[in-house]
Structures are given as C-alpha cells and as structure tokens.
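**Student:** Taken in order, the sequence shown gives residues 133 to 689; the numbers are from this note's numbering.
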Amino acid sequence: MRRTPQQPRKTAVQHDVANTFTFPTIMSLQVGFSAHSKELKSAYEQVIDNNSSVNWLIYTYDKGTNDLKVQATGEDGLEELSEEFIDGRIQYALARVKDPNTELPKLVFIAWCGTGVPESRKGLFNSHLNDVSKFFKSFHIQINARNEGDVDPEAIMKRVSASSGANYSFHKETRRAEPAIVPVNSVYKRTEIPDIATMQRQTMKSEPAPAPVNSVHEPVRTNPGKLADRWGSSQESDQSKADQVRAERERAEQEAQEREQSMAAEREQRSREEAARQEERSRAYQSQQDSQRQQREEEDRRRQEEEEHQRQLQREEEEAAYQQQQQAEQESAHQQQAEEEERQRRQAEEEEAERARQEEHHRRQLEEDETRQQQEQAQLEADLAASAQHAAETAEHAADIAVDPHSGNGVSAVVLFTYDASEENEISMAEGEIIHNIEQLDEGWWSGTSEDGSRSGLFPSNYVQILETQHEPEAPVQPEVPEPAEQEAPAEPEGPSAVALYDYDAGEENEISFAENQVIRDIQFVSDDWWSGLAPDGSAVGLFPGKWSKLWLHACS
133 MRRTPQQPRK
143 TAVQHDVANT
153 FTFPTIMSLQ
163 VGFSAHSKEL
173 KSAYEQVIDN
183 NSSVNWLIYT
193 YDKGTNDLKV
203 QATGEDGLEE
213 LSEEFIDGRI
223 QYALARVKDP
233 NTELPKLVFI
243 AWCGTGVPES
253 RKGLFNSHLN
263 DVSKFFKSFH
273 IQINARNEGD
283 VDPEAIMKRV
293 SASSGANYSF
303 HKETRRAEPA
313 IVPVNSVYKR
323 TEIPDIATMQ
333 RQTMKSEPAP
343 APVNSVHEPV
353 RTNPGKLADR
363 WGSSQESDQS
373 KADQVRAERE
383 RAEQEAQERE
393 QSMAAEREQR
403 SREEAARQEE
413 RSRAYQSQQD
423 SQRQQREEED
433 RRRQEEEEHQ
443 RQLQREEEEA
453 AYQQQQQAEQ
463 ESAHQQQAEE
473 EERQRRQAEE
483 EEAERARQEE
493 HHRRQLEEDE
503 TRQQQEQAQL
513 EADLAASAQH
523 AAETAEHAAD
533 IAVDPHSGNG
543 VSAVVLFTYD
553 ASEENEISMA
563 EGEIIHNIEQ
573 LDEGWWSGTS
583 EDGSRSGLFP
593 SNYVQILETQ
603 HEPEAPVQPE
613 VPEPAEQEAP
623 AEPEGPSAVA
633 LYDYDAGEEN
643 EISFAENQVI
653 RDIQFVSDDW
663 WSGLAPDGSA
673 VGLFPGKWSK
683 LWLHACS
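Given below as structure tokens:
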C-alpha cells in the first residue's frame, strides 16, 4: 500500500512595518483554495491523468481555518481510500476507477460529512460543497457520504456500473475459433431452393401408349425377362435424384455457413468500429480535461488576484477601525481613571467606617467571651464537685462491701460507672454492680463475670474499683479514692484547673501531653474545642482538647 501524506504548510505571520501592532485575522466563511493551491492542483492533476499511478486524493480543512489542504493521496484505489475517512471531519475525495462495462476510466467525487462533525461546521458543508465541485469540474459520479456504508468500494463500483448506460458484450465474450472465410463471388447469385415434390413427380416413369391389337391371336410368351434389367433403370434414376437432393442440401448448408461467416465478419467490424469510437471519445474526453484544466488555472489565477485585492481592502478597513478603536480606548481610559479615583475615595471612607464597626464588635465580643468564660468556669467547678462527691460515695459504698476470701469468686470489683458493651466479647455493667473472677489481661482491659453469673466478657479497667478481701470483719480496708483536685491543686491557683479523663499525646509543638487523672492548671478557654493550660509537670504551657464529641476534661476547683 502506497500513499503520499501531505505536510501542512507553515504560514508566516504578516507584520506591518510602519506600525508596531498586528491586525487580527478574521476567518472567512468561504472555502479557501489559495493557501495550498499548488498542492491541491498537483494532486488533482495526478488523479485525472490516466498515465499517473496516483488514482485517488482526499482534501480536508487546515486546522482552525476554512482553507483546504491535501490530506493524502494513494495508488491502491477505493480500498485504500475508504480507510482515510474520519467521523469527525468534512472531507472531499476524488478517485479514478475503471468502468467494468466500458473498461474506460471514470472519476468519482465523494463529499464526506461525518456524523461527529460539530453542528457549526455542518452548516457550511453545502455551500463549501458547491465550491469544491466547481473546483473539480469534470467528474462522472458524485456521492454524498456520511457513514462507512456510503464509501464501501463495492457500493461505489455498483453505482459506476449503473451509470455507464450500456453494457457492451464484446468486451466480455471469449473469442471462438471461426472457420476460414471463403471468398464471396462479386456477382450476386440467387440460391435456388429445390422443390422436392417436383423432383418426386419427375421420378415417376411415363407409361407408353398401348399398341394396336392384331386380328390374329398370338399366344403370349411366358418367359420372363431379367429382373435386373426391369429394375435397373429405376434404381439408377433414384440414385441420381438422391445425389441431386444431397448436392442441393450441401449447397444450402454451404450458403448458410457463408452467410454466418459474413455476419461474424460484420460483427467483428462493428466491434472494431465501436472500439475506435470509444478511443476517439476517450481522446476527446482527455482533450476536454486539458482544456478544463487550463480554464481552471486561469480561474484560479483570477480568484487569487481577487482574493488578494479583497485582503488589501480588508487590511485598510481594519487599520482605520484600529485607529478609531485606539482613540476610543484612550477616551475610555481617561474616563475609567476618573471613575477609579472616585471609587477609591469612597472605598477608603467605607473601609474606615467598617474598621470602626469591627473594633466596636470586637470589644463587645470580648465582653461576651469574658462573661461566658466566667459562666463556664462556674459550671465546670460545679461539675467537678459533683464528680468528686460521686467518686467519694462510690468508694464509701465499695468500702461497705465485704468479700469473703474463701468464696471462690477470685478478684472482685465494684462498677463505678455504667458501661454498655460495644462488641460481642464485652460485658455491659451497671453502676454499683459487683464483677467477680476478674482477670487483668492488660493495663486497659480486664475480663470478669457478672454477679449473677449470666454475663461475662471484657470491660475497661478504669470503670471499676477492686474490692480487697476482708481478713477481719471488724476492720475493713478503706479503698483509696483519687481526689487529684484536692491533693495536687496549688494553694492559690491563678486560673481554673481540670483533671484528665484520658491520656493525650501532643500532635503539634504548641500542644501539651498528659496522662489520665493528671491535673492541668491555669486553664484559658481559647475556643469551644481547644483550651490552653499548664502541663502537669509544669514544664510548658500549650493547647489541649477541651470539649469534643465526648468530654475529655472535668474542670475542678
């Protein structure tokens, strides 16, 4: 497969020497042939030349313009051409094929508008099609195609065959061996057709007239004559007549054969004359093509001159329009500058007023924040007091519970807080309930059984208080109740304090870390979610989570 793709021409940008600006290019809606006229003509002349190996071409548009360029040419006919059509393009193709009826070259013009072409381009297809068909001028068949079925080689050749108008059988017949031509007499001689009935009548022997009878009776001779002599003349007569009939039949067959040979010669002569006429028509067609090509070249020259004249007029109009636009832009710039100065003055006044409003709003916000912090501090102190009271009561309740060391329930603990199991292997606990058979699996999670023995599983260790065994009934051991607010709080704190419910590791440099039950002092409520305070070891002041989905800290007094 051979085809010659055409490279797009690079168009130089035209600059006006007298001015530093360039004029914008306005794309014409008309199809353009001048930008690549040399390539377009060269490809077209190769296709219409019967002696050229190039037998098809395809045009398409240069990117972003209405100028036609040569997309490709080839030598392998319609099969190769059908692969060049693209669904999203408008393309024009010309192919030289051989008419299967007349064996003469035919030109097929294919106008392709794919289904994927934008609607804005489809609107120009019909007007551009007229101009392109005028550019090609002489072609035998035009096909408007939109899909692959329209450009199928077999379908195209059917249309070519149907358009020829006549089927000449002498191009397809196999020559038969004909007998040698017998010379015909220069003088016409009519062929006599033998009359069989007359010949049969002539063969009948005429009976002789009867002889006169004698007056004296003579006996009749009984000796017969020779039979050979009796039938000999009749046989000779029949043989002669049969030979005559056979000769007449052979002569008739010979004349019929001569007539058939004469008719065959006439048919051959007509075939040669028809071939000569076809050759003459082909030469006339080629001459017409040459004449039309010269006419097209002349029209192209005039068109280029007209287009150049139109471009010159357009440049002059654009220059005048540009000067008017420059003047209008200068006037508009002065007007915009005055409006901008006025706008800046008004904006400065509005910004000053807005700044005053923001300062007033900030002052009121600070007052509201101070009031809210005081209220939150009071609420936190109340919550911590209640929490400390609850812990004391729970510890007191735990102290009252005596555990028999011989009961066989192992280590037991009292539930300080209600816990709902979130996994299948956990146990739910109610406040004040006793858990037996405790196994301390790790630091955070223990395992145990409910008091009634119906439930068992894991639970958090900080939700219970271990019950010590009672060695002497009269002297129960008092469980330790953590009161970090009273033990670790300074004598005179400068701000609110809080006890940690969970461990926290700082994630940023400006945060502090602490462990469960440690106390954070000098708390400042930076926001609803983040507070600032002094670390338990007093080494740094930083941020820590205050309120989240769960309360992490309880403020204490």
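We treat Cβ as the ideally placed atom computed from N, Cα and C, and that holds for glycine.
Every value quoted in this text rests on a predicted model; they were computed, and no experiment measured them.
Where does G255 fall in DSSP's three states?
**Tutor:** Start at 1 with the first residue of the sequence shown, and residue 255 comes out as number 123. G255 falls in the coil class under three-state DSSP.
**Student:** Which whole-angstrom value is the C-beta distance of I655 and P628, which I expect to be below 8 Å?
**Tutor:** Against the sequence shown, residue 655 aligns to sequence position 523. Against the sequence shown, residue 628 aligns to sequence position 496. The beta-carbon separation of I655 and P628, rounded to 4 Å, stays under the 8 Å limit for a contact.
**Student:** Using the Cα positions of E471 and Q497, report the straight-line distance between them to the nearest angstrom.
**Tutor:** If you number the sequence shown from 1, residue 471 lands on position 339. If you number the sequence shown from 1, residue 497 lands on position 365. Spanning the two alpha carbons is a distance of roughly 38 Å.
**Student:** Take the Cβ of Y176 as the centre, count every other Cβ of all protein chains shown within 10 Å, and call the residue buried at 16 or more, exposed below.
**Tutor:** One-based indexing of the sequence shown puts residue 176 at position 44. The residue in question, Y176, is buried, as its Cβ has 16 or more Cβ neighbours within 10 Å.
**Student:** Go through its chain and collect everything with a Cβ distance to F257's Cβ below 7 Å, but skip five positions before and after it.
**Tutor:** On the sequence shown, residue 257 is found 125 positions in, with the first residue counted as 1. Cβ within range, chain order: I222 and C245.
**Student:** In three-state terms, what does DSSP make of S671?
**Tutor:** Counting from one through the sequence shown, the residue named residue 671 turns up at place 539. Residue state, collapsed to three classes: coil.
**Student:** Less than 7 Å separating the Cβ of P285 from some heavy atom of the ligand GTP?
**Tutor:** Within the structure as shown, the ligand GTP is missing, as the structure has no ligands at all.
**Student:** What number of angstroms, rounded off, separates the C-alpha of A407 from the C-alpha of L239?
**Tutor:** As a position in the sequence shown, residue 407 is number 275, starting the count at 1. As a position in the sequence shown, residue 239 is number 107, starting the count at 1. Rounded to whole angstroms, A407 to L239 spans 20 Å at the Cα level.
**Student:** G580: which of G564, G542 and E555 sits nearest, CA to CA?
**Tutor:** Counting from 1 along the sequence shown, the entry for residue 580 is found at position 448. That would be G542, whose Cα lies nearest to the Cα of G580.
**Student:** Which value, in whole angstroms, describes the spacing of the CA atoms of S764 and Y595?
**Tutor:** The displayed coordinates of the chain run from 133 to 689. Any statement about residue 764 would go beyond what the structure contains.
**Student:** With a CB to CB cut of under 6 Å and the five nearest residues on each side skipped, what residues in its chain are close to Q468?
**Tutor:** Here residue 468 corresponds to residue number 336 of the sequence shown, with the count starting at 1. Correct list: empty, nothing qualifies.
**Student:** Over the uninterrupted alpha helix (DSSP H) stretch that includes A287, give me the two end residues.
**Tutor:** The residue given as residue 287 occupies position 155 in the sequence shown. P285 to S295 is the extent of the alpha helix (DSSP H) around A287.
**Student:** How close, in whole Å, do the beta carbons of P664 and V651 come, if the pair is a contact with beta carbons under 8 Å?
**Tutor:** If you number the sequence shown from 1, residue 664 lands on position 532. If you number the sequence shown from 1, residue 651 lands on position 519. The sequence shown places Ser at residue 664, rather than the Pro named in the question. Incorrect: roughly 15 Å between the Cβ atoms, too far for contact.
**Student:** Please classify H272: does DSSP put it in a helix, a strand, or coil?
**Tutor:** Numbered from its first residue, the sequence shown carries residue 272 at position 140. Reduced to three states, the DSSP call for H272 is coil.
**Student:** Among all the DSSP beta bridges, which residues are the ones paired with Y551?
**Tutor:** Here the question's residue 551 lines up with position 419 in the sequence shown. DSSP, once it has assigned bridges, lists M561 as partnering Y551.
**Student:** Which whole-angstrom value is the C-beta distance of L161 and Y191, which I expect to be below 8 Å?
**Tutor:** Along the sequence shown, read from residue 1 onward, the residue named residue 161 stands at position 29. Along the sequence shown, read from residue 1 onward, the residue named residue 191 stands at position 59. With a Cβ gap of about 18 Å, L161 and Y191 do not count as contacting.
**Student:** Quick check: D199 and A167, are their CB atoms within less than 8 Å of each other?
**Tutor:** For the purposes of this step, residue 199 is taken as the residue at position 67 of the sequence shown. For the purposes of this step, residue 167 is taken as the residue at position 35 of the sequence shown. It is a contact, given that the beta carbons lie within the stated cut-off.
**Student:** Just the Cα atoms here: how many angstroms apart are R487 and R478?
**Tutor:** In the sequence shown, residue 487 corresponds to position 355, counting from 1. In the sequence shown, residue 478 corresponds to position 346, counting from 1. A straight line joining the alpha-carbon of R487 with that of R478 spans about 14 Å.
**Student:** If you run the structure through DSSP and keep just helix, strand and coil, what is L359?
**Tutor:** On the sequence shown, residue 359 is found 227 positions in, with the first residue counted as 1. Since pLDDT at L359 reaches only 46, below the 50 mark, its modelled position is unreliable, and the value read off the structure follows with that caveat. L359 falls in the helix class under three-state DSSP.
**Student:** Given this structure, state the Cα-to-Cα distance separating Q506 from W662, to the nearest angstrom.
**Tutor:** Taking the first residue of the sequence shown as 1, we reach residue 506 at position 374. Taking the first residue of the sequence shown as 1, we reach residue 662 at position 530. Separation of Q506 and W662 (C-alpha to C-alpha, rounded to the nearest whole angstrom) is 17 Å.
**Student:** At a cut of 8 Å, does the stretch 202-222 reach the stretch 176-188 through at least three beta carbon pairs?
**Tutor:** yes
**Student:** With K269 and R428 assumed to form a contact (beta carbons below 8 Å), what rounded beta-carbon distance in angstroms separates them?
**Tutor:** The count along the sequence shown starts at 1 and reaches residue 269 at position 137. The count along the sequence shown starts at 1 and reaches residue 428 at position 296. So it is a contact: roughly 6 Å between Cβ atoms.
**Student:** Look at the alpha carbon of A453 and the alpha carbon of S252, and state the distance between them as a whole number of angstroms.
**Tutor:** In the sequence shown, counting from the first residue as 1, residue 453 sits at position 321. In the sequence shown, counting from the first residue as 1, residue 252 sits at position 120. Roughly 28 Å between the two C-alpha positions.
**Student:** Would E606 be called buried (16 or more neighbouring beta carbons within 10 Å of its own) or exposed?
**Tutor:** If you number the sequence shown from 1, residue 606 lands on position 474. Low confidence applies here, because E606 scores a pLDDT of 44, under 50, leaving its location unreliable; read the following figure in that light. When all chains shown are included, E606 counts as exposed.
**Student:** Measuring straight from C-alpha to C-alpha, what distance separates V609 and S586?
**Tutor:** The sequence position of residue 609 within the sequence shown is 477, counting from 1. The sequence position of residue 586 within the sequence shown is 454, counting from 1. The pLDDT assigned to V609 is 43, lower than 50, so where the model puts this residue is not dependable, and the model offers no usable value.
**Student:** Taking only the alpha-carbon atoms, compute the straight-line gap between T375 and R404 and give it to the nearest angstrom.
**Tutor:** Position 243 of the sequence shown, counted from the start, is the residue given in the question as residue 375. Position 272 of the sequence shown, counted from the start, is the residue given in the question as residue 404. The amino acid occupying residue 375 in the given sequence is Asp; Thr does not appear at that position. Distance between the alpha carbons of D375 and R404 is about 43 Å.
**Student:** So the candidates are E500, Q178, N183 and N182; which of them puts its Cα closest to the Cα of S202?
**Tutor:** Position 70 of the sequence shown, counted from the start, is the residue given in the question as residue 202. Looking at the sequence provided, one finds Val at residue 202 rather than Ser. Ranking E500, Q178, N183 and N182 by Cα distance to V202 puts Q178 first.
**Student:** How many whole angstroms separate the CB atoms of W715 and S560, which I take to be in contact at a CB cut-off of 8 Å?
**Tutor:** In this structure the chain extends from 133 to 689, so residue 715 is not present and cannot be described.
**Student:** Go through its chain and collect everything with a Cβ distance to N569's Cβ below 7 Å, but skip five positions before and after it.
**Tutor:** Taking the first residue of the sequence shown as position 1, residue 569 is located at position 437. N541, G542, G580 and T581, listed in sequence order.
**Student:** Looking only at its own chain, which residues have a Cβ that is under 7 Å from the Cβ of H260, when we skip the five neighbours before and after it?
**Tutor:** Position 128 of the sequence shown, counted from the start, is the residue given in the question as residue 260. V163.
**Student:** Suppose you measure from the CA of A510 to the CA of L633; what does that come to, to the nearest Å?
**Tutor:** The count along the sequence shown starts at 1 and reaches residue 510 at position 378. The count along the sequence shown starts at 1 and reaches residue 633 at position 501. Approximately 19 Å, taken between the alpha carbons.
**Student:** Please work out which residues of its chain come closer than 6 Å, Cβ to Cβ, to S671, disregarding the five sequence neighbours upstream and downstream, and give them in chain order.
**Tutor:** Taking the sequence shown and counting its residues from 1, one reaches residue 671 at position 539. Same-chain partners within the cutoff: there are none.
**Student:** Is the beta carbon of S544 less than 8 Å from the beta carbon of L599?
**Tutor:** What you label residue 544 is simply residue 412 of the sequence shown in a count that begins at 1. What you label residue 599 is simply residue 467 of the sequence shown in a count that begins at 1. Going by C-beta atoms, S544 is nearer than 8 Å to L599.
**Student:** Roughly how many angstroms separate the alpha carbons of R425 and E439, rounded to a whole number?
**Tutor:** On the sequence shown, residue 425 is found 293 positions in, with the first residue counted as 1. On the sequence shown, residue 439 is found 307 positions in, with the first residue counted as 1. Going by the C-alpha atoms only, they are around 20 Å apart.
**Student:** Here's the rule I'm using: 16 or more other beta-carbon atoms within 10 Å means buried, otherwise exposed. How should Q401 be labelled?
**Tutor:** The count along the sequence shown starts at 1 and reaches residue 401 at position 269. Per the 10 Å Cβ criterion, exposed.
**Student:** Do you know whose CA, among D501, R653 and I567, lies nearest D660's CA?
**Tutor:** As a working mapping, residue 660 is identified with position 528 in the sequence shown. Nearest option by C-alpha distance: D501.
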